[in-house]
Amino acid sequence: MLQTEDNDLMHEWAETLFPICRSLTGAGVRETLNFIKKHIPELNIHEIASHEAVFDWQVPSEWQINGAYILMPNGEKICDFKQNNLHVMGYSEPVSKKLSLEELKPHLYTQPEQPTWIPYVTSYYSSNWGFCLTQHQFESLPEGEYTVHIDSKKFAGKLNYADLLIEGKSKKEILFSSYVCHPSLANNELSGPVVLIALTKWLLANKANLKYSYRIVLVPETIGSICYLSKHLSHLQQNLIAGFQVSCIGDDRAYSYVASRYGNNLADKVVKNVLVDLANEGKENLKTFSFLERGSDERQYCAPFIDLPVCGVCRTKYGEYPEYHTSADDLSLISKAGLNGGLNFLQKCLIKLEQASFPRINCLGEPQLGKRGLYPNVSQKGQANSVYDMMNVIAYADGINRIEDIAEYAGIDTKTVLAICEKLQHSELISILSEPGEVQPT
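Residue numbers for the sequence shown follow our numbering, so the first one is 10 and each next one is one higher.
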């Protein structure tokens, strides 16, 4: 579906980006955003100063790391940052000293139930330092004197993020958001951005035909979306009709949906419809998660008094695959087929939104159908059954529900709803809106 030359490049983009050490701030984020900008020149890269207040948060200091390692008693170097950037706890303070194994152990992190994998560990908002290693490696450490060295610093710098608005015929917007803040993690970090590169290039190529405007956002997770909302909340609340938080979308195991806070906005409805389509295509392992199982930036977009119509979309959801937040989330976990499946998932959502129509009743209250020849002239028990479907369509024709939504609510198929709408249009009882609208009929 919707194959372009960029589809086959997504894994190559991930390969290029994989070695970069990203965090909430710093050179890794800038390098990643600059790479994306080479493929999407229209992308705008922004910065916000360290320590600036954003809602209830504060932008953290910028973190820079040049290298880190541990020297064992025999002089062997382990936990070398240059070999694997997951070896160093994110946002580690600088340290250079000698200490015993017992003194070192509180600063060592493993994943005991996954003894051959290095865990991903961070300490963003408190002063700390540490190293990550496999449980097997930890268990083999001998007694003796160890030398630890972390060449890092925190300073008043900046946090970077990027966005792009692709203007369609309407000023109403659809959001696609992902994050650029994890180090060498393929599915958890890179699948979202590389799929959005391909999606954005496809949108730009079809810009002349777009009904809606599209906002692409790439931020450090949590603090980045909070920063973005602090700058754009009023505009988004006024113009955003649907949004999708994109993460972990490059494996080939599942298709997953994380609901918004109430699970009933336009984005929720569209994704549910797409999951039904995927099931009809024979796709399996289709997963639905409630907002209580959230974990990415859908938390921020759906927070109280933010309340944007955003839900989460993944292939296998974060936290639901064993390699999540470990060194096993490498380039072998994502595939061309997985990334293409993720891209097609988003394209299906987009197309449903672009092609959606919203029936709206043209009168206040229940209409008088008899005078329009739409109701039996003589009312007798059993006769009204033939118009129940029509009455149910009218009941949900509020200009906010799509044809597909009405079909679901009324318990009838989409073709029947379309036929009823055509009849009601002929009688001038409903209008078909191209965008959702809450204007009350007169």
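All C-beta atoms in this analysis are idealised placements derived from N, C-alpha and C, irrespective of residue type, glycine included.
- Checking the DSSP bridge columns, you'll see residue 298 partnered with 267.
- With a 10 Å radius around the Cβ and a threshold of 16 neighbouring Cβ atoms, residue 286 comes out exposed.
- A Cβ-Cβ contact shorter than 8 Å links residue 263 with residue 294.
- Between residue 158 and residue 140, the CB-CB gap reaches or exceeds 8 Å.
- By the Cβ test, the region 396–411 is in contact with the region 358–373, since at least three Cβ pairs between them sit closer than 8 Å.
- Where residue 211 is concerned, the enclosing alpha helix (DSSP H) starts and stops at 200–214.
- Leaving aside the five residues that flank residue 57 on each side, the residues in its chain whose CB is nearer than 6 Å to its CB run, in chain order, 68, 168 and 236.
- Residue 272 and residue 152 have their C-alpha atoms spaced approximately 54 Å apart.
- DSSP, read as helix, strand or coil, puts residue 73 in strand.
- Annotated three-state conformation of residue 261 is coil, per DSSP.
- Under DSSP, the beta-bridge partners assigned to residue 369 are 407 and 440.
- For residue 285, the enclosing alpha helix (DSSP H) covers residues 275–289.
- Shown here, residue 160 sits in a strand according to DSSP, grouped into three states.
- The Cβ atoms of residue 99 and residue 134 lie no closer than 8 Å to each other.
- For residue 196, same chain residues with a beta-carbon under 7 Å away, outside a window of 5 residues either side, are 257, 259, 260, 338, 342 and 343 in chain order.
- Residue 303 and residue 266 have their C-alpha atoms spaced approximately 10 Å apart.
- For residue 182, no alpha helix (DSSP H) run applies; the uninterrupted beta strand (DSSP E) run containing it begins and ends at 182–188, by DSSP.
- By the Cβ rule, the region 72–82 does not count as touching the region 177–194, because fewer than three pairs are nearer than 8 Å.
- Around the CB of residue 269, 16 or more other CB atoms lie within 10 Å, so the residue is classed as buried.
- In this structure, 77 is the residue among 179, 278, 77 and 103 with its C-alpha nearest to the C-alpha of residue 91.
- Only exposed fits residue 64, as fewer than 16 other CB atoms lie within 10 angstroms of its CB.
- When DSSP states are grouped into helix, strand and coil, residue 141 belongs to the strand group.
- Listed in chain order, the non-local C-beta contacts of residue 164 below 8 Å within the same chain comprise 59, 70, 71 and 73, local neighbours out to five positions each way being set aside.
- Counting along the chain, no alpha helix (DSSP H) covers residue 420, and no H or E run does either.
- Residue pairing by DSSP places residue 53 opposite 172 in a beta bridge.
- If you draw a straight line from the Cα of residue 450 to the Cα of residue 221, it comes to about 24 Å.
- With fewer than 16 other Cβ atoms from the protein chains shown falling within 10 Å of its own Cβ, residue 397 counts as exposed.
- With respect to the 8 Å criterion, residue 202 and residue 174 are not classified as neighbours on the basis of their beta carbons.
- Taking the Cβ atoms as the reference, residue 334 lies roughly 4 Å from residue 129, within the contact range of under 8 Å.
- Annotation: the region 299–330 contains the following complete segments of the alpha helix (DSSP H) (minimum length 4 residues), in chain order: 307–310.
- For residue 254, the enclosing beta strand (DSSP E) has its first and last residue at 249–255.
- Beta bridge pairing from DSSP links residue 66 with 63.
- Put simply, the region 247–254 touches the region 315–324. At least three CB pairs are less than 8 Å apart.
- DSSP places residue 224 in the uninterrupted beta strand (DSSP E) bounded by 222–228.
- Comparing C-alpha distances from residue 290 to each of 248, 299 and 354 shows the shortest one belongs to 354.
- Around the beta carbon of residue 61, a 10 Å sphere encloses fewer than 16 other beta carbons of the protein chains shown; the residue is thus reported as exposed.
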